[in-house]
Structures are given as structure tokens and as C-alpha cells.
Amino acid sequence: RKFQDVMDNSTLVIWATDQHGNYTLVEGKALQQLGWDPQQLLGKNHFEFQKDNPEAQDYVRRALRGETLNGQSEINGRFYATSYVPSRDSSGAITGMSAVSTDITDQKIAESVFQESEAKFRTIANAMPQMVWSTLANG
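Residue numbers for the sequence shown follow our numbering, so the first one is 16 and each next one is one higher.
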């Protein structure tokens with residue numbers, strides 16, 4: 016029950032596919048923000064479902080080839096940081112992959128606002144004929 020409480024109250028999505036990219040596990044409240052029902056995703060193929068997202072397809076392909084990696088992608092206007100790990104059987108053969116995705120949309124928005132603010136400050140500072148500097152209180 017503790018695991019389900021975490022999944023129901025966080026921006027995490029935990030998901031997995033078999034070696035062909037078919038979803039075998041899809042859990043997480045963040046799916047609601049995308050309008051996706053986890054139960055309807057089970058059994059669907061990631062490569063078909065994400066056909067318009069080549070970046071997300073590439074990450075899964077790489078994991079299914081045995082690479083452990085981290086990546087970021089945009090899905091329906093939301094941004095996700097995802098860790099991908101290949102799944103292996105006892106002989107080491109790849110049987111699929113597992114992933115944990117975190118919604119980082121708020122962080123991306125904050126970064127964008129900061130960059131815009133910094134650009135405005137830089138424009139003002141570069142346009143001033145006076146010299147501008149900063150120093151610590153103790154010199």
C-alpha cells in the first residue's frame with residue numbers, strides 16, 4: 016500500500032516494456048495530466064504509441080539494446096526526465112526495459128523564466144554607458 020500511496024501522490028511514472036516495446040507495467044498519477052489511462056496502455060506498443068516522439072523511441076531502443084541511460088523528452092507539452100534500465104533474465108538476455116519518469120515541467124518553466132530575466136538584465140547592463148559591478152560587503 017505504501018508504494019501505491021507514493022504513486023498516487025507524486026509526479027512519478029513507473030513503466031516497463033517487454034523486448035518488443037509492449038507495455039507490461041504503467042503506474043503513476045502523472046499519467047492523468049497527459050490524459051492517459053494506465054490500464055488502457057498495458058499491452059500497447061511504445062513505438063506505435065509514441066510514433067510522433069522519435070526522441071522517446073530512441074531512448075527505449077537504446078535500453079532494449081542493453082544501455083542504461085537518462086534522458087529528457089517533451090510529451091504533450093509536459094517535460095519528463097526518465098531513467099531507462101534494460102531488464103535481463105538469469106542468463107543475461109534482455110527481456111525488456113524498465114523506466115522511471117519524473118514530471119519536470121515546473122522546473123523547465125522556472126529555468127525559462129530565469130533565462131528570460133537574465134537576458135533582460137544583460138541587455139540593460141550592456142546598454143548602460145556607466146560601469147556596473149558587484150562586490151561583497153567586506154570588499
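Note that the Cβ used here is the ideal one computed from N, Cα and C, for glycine as well.
Pairwise C-beta distances place the stretch 26–46 in contact with the stretch 108–120, as three or more of them are shorter than 8 Å. For the set Val41, Gln54, Thr150, Tyr74, the Cα lying nearest the Cα of alanine 96 is the one of Tyr74. By the beta-carbon neighbour count (other beta carbons within 10 angstroms, threshold 16), threonine 32 is buried. If only uninterrupted beta strand (DSSP E) runs of at least 3 residues are considered, those enclosed by the stretch 66–110 are 84–90, 93–103. Residue burial annotation: leucine 46 is buried, with at least 16 other C-beta atoms found within 10 angstroms of its C-beta.
Boundaries for alanine 31: no alpha helix (DSSP H) harbours it, while the beta strand (DSSP E) harbouring it runs 27–33, taken from the DSSP string. Check the Cα spacing between glutamine 48 and each of Thr83, Gly36, His61, Gly92: the tightest is with Gly92. The beta carbon of threonine 83 lies closer than 6 Å to those of Val100 in the same chain, with the five residues before and after it left out. A direct Cα-to-Cα measurement between glutamine 145 and glutamine 65 gives close to 53 Å. Tyr38 is the residue among Lys44, Thr120, Tyr38 whose C-alpha sits nearest the C-alpha of leucine 57. Residues of the same chain with a CB within less than 7 Å of the CB of leucine 40, apart from the 5 flanking positions on each side, are Ile29, Trp30, Ala31 in chain order.
The three-state reading of DSSP puts aspartate 118 in strand, counting E and B together.
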